[in-house]
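**Q** The opening position of the sequence shown corresponds to residue 15 in the numbering used here, with each subsequent residue numbered one higher.
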Amino acid sequence: MPTLPDTLCHLNGRTLPLRDAQVSVLDRGFLFGDGVYEAVPVYGRRLFRFDDHMTRLERSLSKLRIPNPHDRAGWLTLLRELVDAHPADDQMLYLQVTRGVAPREHTMVQGLAPTVFAMTNAMRPPSAEQRHHGVACVTARDFRWERGDIKSTSLLGNVLARQVAADHGAAETILLRDGWITEGSSSNVWVVHEGALLGPPRSEHLLEGVRMALMAELCEECGIAHNLRPLSEDDLRTADEVLLTSAGREVLPVTRIDGELVGHGALRGRPGPVYARLYEAYQRAKLDQCT
Numbered sequence: 015m016p017t018l019p020d021t022l023c024h025l026n027g028r029t030l031p032l033r034d035a036q037v038s039v040l041d042r043g044f045l046f047g048d049g050v051y052e053a054v055p056v057y058g059r060r061l062f063r064f065d066d067h068m069t070r071l072e073r074s075l076s077k078l079r080i081p082n083p084h085d086r087a088g089w090l091t092l093l094r095e096l097v098d099a100h101p102a103d104d105q106m107l108y109l110q111v112t113r114g115v116a117p118r119e120h121t122m123v124q125g126l127a128p129t130v131f132a133m134t135n136a137m138r139p140p141s142a143e144q145r146h147h148g149v150a151c152v153t154a155r156d157f158r159w160e161r162g163d164i165k166s167t168s169l170l171g172n173v174l175a176r177q178v179a180a181d182h183g184a185a186e187t188i189l190l191r192d193g194w195i196t197e198g199s200s201s202n203v204w205v206v207h208e209g210a211l212l213g214p215p216r217s218e219h220l221l222e223g224v225r226m227a228l229m230a231e232l233c234e235e236c237g238i239a240h241n242l243r244p245l246s247e248d249d250l251r252t253a254d255e256v257l258l259t260s261a262g263r264e265v266l267p268v269t270r271i272d273g274e275l276v277g278h279g280a281l282r283g284r285p286g287p288v289y290a291r292l293y294e295a296y297q298r299a300k301l302d303q304c305t
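(1) Is it true that the CB of asparagine 202 sits closer than 7 Å to the CB of glycine 223?
(2) Can you tell me which of the three DSSP states aspartate 41 falls into?
(3) Quick check on the DSSP output: what are the complete alpha helix (DSSP H) runs of length 4 or more inside the region 65-136, in order along the chain?
(4) Measuring straight from C-alpha to C-alpha, what distance separates leucine 200 and glutamine 124?
(5) Closer than 8 Å is the cut-off here; do at least three beta carbon pairs connect the region 179-187 with the region 145-159?
(6) Can you find at least 3 beta carbon pairs, one from the region 154-171 and one from the region 291-300, that sit closer than 8 Å?
(7) When you compare the CB of glycine 47 with every CB in chain D, is at least one pair closer than 7 Å?
(8) Under DSSP, the beta strand (DSSP E) around alanine 154 begins and ends at which residues?
(9) Give the DSSP-derived three-state secondary structure of leucine 221 in the structure shown.
(10) Please determine, among Arg225, Glu235, Ala280, the residue with the shortest C-alpha to C-alpha distance to glutamate 257.
(11) Taking only the alpha-carbon atoms, compute the straight-line gap between aspartate 272 and asparagine 26 and give it to the nearest angstrom.
(12) Check whether the region 71-84 and the region 128-145 touch, using three or more Cβ-Cβ pairs below 8 Å as the test.
(13) Relative to the alpha-carbon of aspartate 34, which residue among His24, Arg155, Pro117 has its alpha-carbon at the smallest distance?
(14) With DSSP run on the structure shown, which of helix, strand or coil describes arginine 291?
(15) Within 10 angstroms of the Cβ of glycine 283, are there 16 or more other Cβ atoms? Answer buried if so, exposed if not.
(16) If I follow the unbroken beta strand (DSSP E) through valine 276, where does it start and stop?
(17) Checking the sheet assignment: what are the DSSP bridge partners for histidine 24?
(18) Count the other CB atoms, across all protein chains shown, that sit within 10 Å of the CB of valine 56; report buried if there are 16 or more and exposed otherwise.
(19) From Asp66, Glu197, Ala116, pick the residue whose C-alpha is nearest to that of histidine 219; which is it?
(20) Looking only at DSSP bridge pairs, what is tyrosine 57 linked to?
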């Protein structure tokens, strides 16, 4: 059985050891996955793009009709207390809000006190080997529900999708819905064609990652053409480069998909120049965009 980290967490207004935190078995997050979450990177003990993460949290809460238990100042105070209590300078903050505790009933019960939980762990970034050689991905049919735009704690579909990758010794599963790219099991997916970075458009089928806006900004900074448009499976398999972005992976190159090398010519199966420029720009952003 895995040992729980010996760190502090926040639960409903209390700071306590993570191993001592408990919620009711009637919490709707436990019974239904009726809640939302965010994962916020921390660099040098400062929160990366905090306002963007809060905007997405607010959007997800609104779509599930769960009242936001804190304003942004309240969230910042709560999260900074956890960051300050952890020994690592670079961390990954996790925060979760569920509808609260009520007798088991499918209908959205109103007037409940939301359950608020937050914890933080040391950042575990991709290894130098993964950045140098890239990672392998597999593809699978996107069999999840239709509301991927909500960052819900109901993640069983994503768990099953990630296990497809794990079963094949790969880092991520790229999901396809009716032949079109949606996203990875826990990442946004990008392809490069003729020097331009392309991503799937915003829709209810995929989560609008905080890095979607960030990548647009970094492309502008680097002089890289950028566009969001429907991307087919053929776009994926003929791409010059394929990238993943997420809070933990930052920007990561994909060099193999379903056992086939990504890219063309001398760069086939190797991280490409667009990745290199965006990764360098991402590192600069980490210094400038923290709260």
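Where is the CB? At the ideal position from N, CA and C, for every residue including glycine.
**A** According to the data block:
(1) Translated into positions along the sequence shown, residue 223 becomes position 209. Translated into positions along the sequence shown, residue 202 becomes position 188. Yes, the Cβ-Cβ distance between glycine 223 and asparagine 202 is below 7 Å.
(2) The sequence position of residue 41 within the sequence shown is 27, counting from 1. Here aspartate 41 sits in strand by DSSP.
(3) You should have 86-99.
(4) The count along the sequence shown starts at 1 and reaches residue 200 at position 186. The count along the sequence shown starts at 1 and reaches residue 124 at position 110. According to the sequence displayed, residue 200 carries serine and not leucine. Rounded to the nearest angstrom, the two C-alpha atoms are 30 Å apart.
(5) yes
(6) no
(7) The structure shown has no chain D; it contains just one protein chain.
(8) Taking the sequence shown and counting its residues from 1, the one referred to as residue 154 is at position 140. Per DSSP, alanine 154 belongs to the beta strand (DSSP E) from 149-155.
(9) Taking the sequence shown and counting its residues from 1, the one referred to as residue 221 is at position 207. Correct three-state label for leucine 221: coil.
(10) Counted from its first residue, the sequence shown places residue 257 at position 243. The displayed chain sequence assigns leucine, not glutamate, to residue 257. Nearest C-alpha to leucine 257: Arg225.
(11) Residue mapping note: residue 272 aligns to position 258 of the sequence shown, counting from 1. Residue mapping note: residue 26 aligns to position 12 of the sequence shown, counting from 1. Computed Cα separation, rounded: 44 Å.
(12) Touching, yes.
(13) As a working note, residue 34 is residue 20 in the sequence shown. Selected option, being the one with the closest Cα: His24.
(14) Here residue 291 corresponds to residue number 277 of the sequence shown, with the count starting at 1. Note: arginine 291 maps to helix in three-state DSSP.
(15) Stepping through the sequence shown from its first residue, residue 283 is reached at position 269. Per the 10 Å Cβ criterion, exposed.
(16) Here the question's residue 276 lines up with position 262 in the sequence shown. Neither: valine 276 is in no beta strand (DSSP E) and is coded neither H nor E.
(17) For this step, residue 24 is matched to residue 10 along the sequence shown. Answer is Thr29, Ala132.
(18) The residue given as residue 56 occupies position 42 in the sequence shown. By the beta-carbon neighbour count (other beta carbons within 10 angstroms, threshold 16), valine 56 is buried.
(19) Here residue 219 refers to the residue found at position 205 of the sequence shown. Of Asp66, Glu197, Ala116, the residue nearest in Cα terms is Glu197.
(20) In the sequence shown, the residue the question calls residue 57 occupies position 43. In the DSSP output, where bridge partners are listed per residue, tyrosine 57 has Arg60.
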